[in-house]
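Read through the structure below, which is laid out as structure tokens, and then see the notes.
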Amino acid sequence: MKHILVVDDEADVRDLFEQRFRKEVKSGAISFAFALNADAALDYLSENVKAVSLIFSDINMPGKSGLDLLSKVKKGYFDPPPVMMMITAYGDDENYKKAISLGADDFFTKPIDFLKLKERINNF
Amino acid sequence: MVFLISLFMAFRMRKSLVQGEAAMLKWDKILTWIMVFSGVLVLVNSSLNKPFLLLLAGYGLMGWLFYTCWKEPEFSSQKTLLMSLAPLGFIFFVVDFSRTLAPDFFDNYKSYFETAKIIGFAWLIATIIMYNRQMKALKAEKIIREKEAQENRITAARKAQLEILVRERTYELRQQNEKLKEALEELSAAQKQLIHSEKMASLGELTAGIAHEIQNPLNFVNNFAELNEELVDELLDAIVQKDFKEAETLAMAIKDNEQKVAHHGKRADSIVKSMLQHSRGSGNAKENIKLNDLAEECIRLSYHGMRAKEKSFNAKMELILSEDVGMVEGVPGDISRVLLNICTNAFYAVLQRVRKGEKDYQPTIWLETGMENEQVWIKIRDNGGGIPAEVMDKIFQPFFTTKPTGEGTGLGLSMSFEIITKGHGGTINVESQEGEGATFIITLPLSK
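As they're listed, the protein sequences go chains A and B. Residues are numbered in my numbering as their position in the first sequence, beginning at 1, plus a constant of 3. Residues are numbered in my numbering as their position in the second sequence, beginning at 1, plus a constant of 2.
Following this line, the structure appears as structure tokens:
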């Protein structure tokens, strides 16, 4: 069973993920937690980091960005650092490079290819 | 005595002759002879003890001189002298003849004759003094006249000069006027061009933000549409298997998703609309605007616009939108232009402060709406560098900008001011503490 934390400022992302992975959720193979911003994600992680097998975060969020979250997740806050995948906007090379340097484990560009995402999740 | 009078009279008459006139030569000769004759007889007469015949000739000569002086126009200037001498001449004539012809009568009235003589002399002296005075006065007046004439001549010359100058200046001014008119036309054309490019520049700035803002709802639309396709298949399966409870759950999910598709579709729609309104000129019709929605859309657009230029830029947006705020009547494109402009300025201000690298600085923009006295207010606050006090009263002036050359047209706030005050009967104000941020407050009248 894999527990995935999804960080995105769009509230409807919850419904989207739960429906896209409805079979996996139903079967108990995957469970989700959602955070609307980086601070909420850090709060959640500080208590549940052991349970989280993967963080999936948007970069472009008001307030602290996904990159801020990434740097905190990967730099000593948690041991061992959780796997983290980033969502970058189409053609945003600058953030893509920054995310690599900060230690992101994988990248997805919007719109998210859910088949590819499922495959990746299964491989972790 | 009579010859002295004649001599004097002739002398003055001769002197008064105007040089160069034909009559002068004739009179000159005659008067010279009279003077010589009179001069000789003055001496002869006094030594011969006044013989009667000589006296007769003397008075004849004097009478003729008086008559000539009176009659001839050449001697009109000597009439005053005639007036002075004639009484004396007459008195001497009476004295001399009465002494010779009626010595008894003369002796009887001798004292009267003496008195008359004195009066004659006194008259002569008095008139001469008066004459001299008059002459002096005349001379002085003549000098004044001449001076005046001279001044008049100078004035006239100056006037002529001035007229030429005025004509020249008028011509120059007319030419300058023409040039100014041309310049004004060019300027107003340039102004139109500038306003257009300001709109286009801010649109370009926003394009990336708009793209991002459309991308998100569009992704939701696509995702939920795809999901619904799958769910409908599952629903059909459930119906075939007669699992109506599952069918109901699926149908509810499909309905929810349909609502999400519609919601995000509308979101994208309104963004596209606001973009079109922004690029179109003003002069669009006024509509009832949901101010909270428009304001939120604008702050998001400008945030993403800023992020498109500064990829690493990030700021917190605090939205405190009052439910009381209803509809506002306005031109949506214009109102959104104002809000976008102020929001973009706010993001620019916090970005500048981020660049300074202050520790623990959290760039934040607050968007607040509310109601007060039948007016809707919108506050846009940032915690950027603030506005220096010395430029505070200039920020709404056209072409005023603190941005480096090429980064701002300086028209954003002046256009915003026009739109809010003239276009919508509202107000726009700014409060700022240097180093702590700025707050723009817009008020708009509610829809009727």
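Beta carbons: idealized from backbone N, C-alpha and C, even for Gly.
- Apart from sequence neighbours up to five positions away, the residues of its chain that approach Leu321 (chain B) with a beta-carbon distance below 7 angstroms are Glu298, Leu369, ordered along the chain.
- Against chain A, a Cβ distance below 9 angstroms from Gln217 (chain B) picks out Ala92, Tyr93, Lys113, Pro114.
- Residue-level contact check: Ser68 (chain A) touches chain B, since one or more beta carbons of chain B fall below 8 angstroms from its beta carbon.
- In this structure, the beta-carbon distance from Asn47 (chain B) to Leu55 (chain B) does not fall below 8 angstroms.
- Contacts with chain B (Cβ-Cβ distance below 8 angstroms) from the stretch 15–34 of chain A involve Asp15, Asp18, Leu19, Gln22, Arg23, listed in chain order.
- Contacts with chain A at 8 angstroms (Cβ-Cβ) do not include Ala249 (chain B).
- Rounded to the nearest whole angstrom, the CA to CA distance from Ala102 (chain A) to Asp15 (chain A) is 25 angstroms.
- Contact holds between the stretch 256–275 of chain B and the stretch 216–228 of chain B, because three or more Cβ pairs, one in each stretch, are under 8 angstroms apart.
- Chain order gives no chain A residues near Tyr350 (chain B), where near means a beta carbon separation below 7 angstroms; the closest approach is about 16 angstroms.
- Taken through DSSP and simplified to helix, strand or coil, Lys119 (chain B) comes out as helix.
- Per DSSP, the continuous beta strand (DSSP E) segment holding Ser34 (chain A) begins and ends at 33–38.
- Contacts with chain A at 8 angstroms (Cβ-Cβ) do not include Lys257 (chain B).
- Every unbroken stretch of the alpha helix (DSSP H) spanning 4 or more residues and falling wholly within the stretch 60–102 of chain A is given here in chain order: 69–75.
- The three-state secondary structure of Pro75 (chain B), taken from DSSP, is helix.
- Assignment of beta-bridge partners to Val330 (chain B) by DSSP yields B:Ile291, B:Leu448.
- Less than 8 angstroms divides the Cβ of Met89 (chain A) from the Cβ of Ser60 (chain A).
- For a Cβ distance threshold of 8 angstroms, residue set Tyr305, Asn316, Ala317, Lys318, Met319 of chain B lies close to Pro65 (chain A), ordered along the chain.
- The Cβ of Phe246 (chain B) sits no closer than 8 angstroms to any Cβ of chain A.
- When the five nearest sequence neighbours on each side are left out, the beta carbons in the same chain lying within less than 7 angstroms of the beta carbon of Gly428 (chain B) are those of Ile422, Ile444, Thr445, Leu446, Pro447, in order along the chain.
- The C-beta of Ile166 (chain B) has fewer than 16 other C-beta atoms within 10 Å across all chains shown, which makes the residue exposed.
- Distance check between Gly335 (chain B) and each of B:Lys275, B:Lys311, B:Glu116 places B:Lys275 closest, using alpha-carbon atoms only.
- Within the same chain, Ile33 come within 7 angstroms of Glu27 (chain A) by CB-CB distance, once the 5 residues on both sides are set aside.
- Under DSSP, the beta-bridge partners assigned to Glu320 (chain B) are B:Trp368.
- Within chain A, the residues whose beta carbon sits less than 9 angstroms from that of Lys262 (chain B) are Asp15, Asp18, Leu19, listed in sequence order.
- Chain-order list of chain A residues neighbouring Leu229 (chain B): Leu19, Gln22, Arg23, by C-beta distance under 8 angstroms.
- For Asn98 (chain A) against Lys67 (chain A), the beta-carbon gap comes to about 14 angstroms, at or over 8 angstroms, which does not count as contact.
- In this structure, DSSP gives Phe401 (chain B) a state outside helix and strand, which the three-state scheme calls coil.
- For Phe222 (chain B), the C-beta contacts it makes with chain A under 8 angstroms involve Glu13, Asp15, Leu19, in order along the chain.
- Three or more Cβ pairs closer than 8 angstroms define a contact, and the stretch 357–366 of chain B falls short of that threshold against the stretch 397–404 of chain B.
- Gln435 (chain B): member of the beta strand (DSSP E) spanning 429–435, first to last residue.
- Close CB contacts of Asp98 (chain B) within its chain, under the 6 angstroms cut and outside five residues either way in sequence, are with Leu57 (chain order).
- Bounds of any alpha helix (DSSP H) do not take in Gln377 (chain B); it lies within the beta strand (DSSP E) bounded by 377–384.
- If the five residues before and after Met85 (chain B) are omitted, its C-beta is found closer than 8 angstroms to the C-beta atoms of Thr129, all from its own chain and listed in chain order.
- According to the DSSP secondary-structure assignment, Asp109 (chain A) is paired through a beta bridge with A:Met88.
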